[in-house]
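Chemist:
Numbering (full-length UniProt numbering), first residue to last: 1 to 254.
#1: So, is residue 73 buried or exposed, given that buried needs 16 or more other C-beta atoms within 10 angstroms?
#2: Taking the runs of the alpha helix (DSSP H) that are 4 residues or longer, which of them lie wholly in the UniProt domain "GAF" (32-180)?
#3: By Cβ distance below 7 angstroms, which residues in the same chain neighbour residue 45 in space, the five residues on each side in sequence not counted?
#4: Below 8 angstroms between beta carbons: does that hold for residue 107 and residue 163?
#5: Between which two residues does the alpha helix (DSSP H) holding residue 219 run?
#6: Could you check where the alpha helix (DSSP H) with residue 192 kicks off and where it finishes?
#7: On the three-state DSSP scale, how would you describe residue 230?
#8: Is it true that the CB of residue 47 sits closer than 8 angstroms to the CB of residue 67?
#9: Within 10 angstroms of its Cβ, does residue 10 collect 16 or more other Cβ (buried), or is it exposed?
#10: Three-state secondary structure (DSSP) at residue 203?
#11: Can the beta-carbon of residue 132 be found less than 8 angstroms from the beta-carbon of residue 69?
#12: Could you check the C-alpha separation between residue 151 and residue 188 for me, to the nearest Å?
#13: With distances taken between CB atoms, is the gap from residue 127 to residue 161 smaller than 8 angstroms?
#14: Which residues in the same chain have their Cβ closer than 8 angstroms to the Cβ of residue 38, if we skip the five residues on either side of it in sequence?
#15: Taking the alpha-carbon of residue 56 as reference, which of 134, 95, 220, 244 has the nearest alpha-carbon?
#16: My assumption, with CB atoms under 8 angstroms, is that residue 235 sits in contact with residue 222. Please give the rounded CB distance.
#17: Would you tell me roughly how many angstroms separate the C-alpha atoms of residue 147 and residue 50, rounded to the nearest one?
#18: Determine the contact status of residue 99 and residue 159, defining contact as a CB-CB distance below 8 angstroms.
#19: Which whole-angstrom value describes the C-beta separation of residue 191 and residue 175, a residue pair presumed to lie in contact below a C-beta threshold of 8 angstroms?
Below is the structure:
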């Protein structure tokens, strides 16, 4: 029995695929993940024909019990104060999506249970989780405030694909950073020699394990170079101080 010929793509589907290809191309380009976020937000809004889009991510400067979502990039109208807001797991729409890992589609906010969470009187919105290695690292928000057309299930599926691509973009940027660091590559090589059953891809994708590995390697390098305990403590203190300066600079720019 011969297979049926594939259904030809209609104009709208062809345009959607072209936009998705452009998004994939942007993600595949070299560059810092944070620097790409505004462009990714703009492309997501274009793909979904949304008036606004925001990307909220968990930051690394909080413990697991105090994880908070913060706006990292946006497209369209968004008050500057939004960058100062923190959303805990389970709080509001974004917090609920991050906690459950399930996307939310609201065709009409005025007729939904989320009316109290939205400041605008009308509109349609989607909130989808962004995942990296099965861990929720943030959410993608898109909304239509002026369009008479509401988001549909097809839009929810597209938002899920876009959120998946965003997760890949963040992971790719981190892995590219590891590959640019000879120190990190040496640390990975030693870890793989000592753990023959460990897969390089698994190690590279585990950001927490990589952080611990780099910390141990830093200590070993100083110790083997002949630095005593007091000098190693001085180096560790300098790392913490540099982290504090970096966090302070980031917050002052928000």
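Note that CB positions come from ideal geometry on N, CA and C, so glycine has one too.
Modeler: Put simply:
#1: That one is buried.
#2: DSSP runs (the alpha helix (DSSP H)) wholly in the UniProt domain "GAF" (32-180): 33-47, 92-100, 153-179.
#3: By the criterion of a C-beta distance shorter than 7 angstroms, residue 45 is surrounded in its chain by 52, 53, 75, 76, 142, once the five residues flanking it on both sides are discounted.
#4: Not in contact: residue 107 and residue 163 (Cβ atoms no closer than 8 angstroms).
#5: From DSSP, the alpha helix (DSSP H) with residue 219 extends over 207-224.
#6: Residue 192 -> alpha helix (DSSP H) spans 182-194.
#7: Looking at residue 230 - three-state DSSP - the assignment turns out to be helix.
#8: When the beta-carbon positions are compared, residue 67 and residue 47 stay at least 8 angstroms from each other.
#9: At residue 10, the pLDDT of 45 sits below 50, so the modelled position is not reliable and the matter cannot be decided from this model.
#10: Here residue 203 carries a helix assignment [DSSP, helix/strand/coil].
#11: No, they are not a contact pair.
#12: Residue 151 and residue 188: Cα-Cα distance of roughly 45 angstroms.
#13: No, they are not a contact pair.
#14: Its chain contains 73, 74, 75 as the residues whose beta carbon lies nearer than 8 angstroms to that of residue 38, once the 5 sequence neighbours on both sides are disregarded; these appear in chain order.
#15: It is 95.
#16: Under the criterion of beta carbons closer than 8 angstroms, residue 235 and residue 222 qualify as touching, at roughly 6 angstroms.
#17: Roughly 8 angstroms between the two C-alpha positions.
#18: In this structure, residue 159 does not lie closer than 8 angstroms to residue 99 by Cβ.
#19: In fact, because the Cβ distance is near 15 angstroms, the residues do not count as touching under 8 angstroms.
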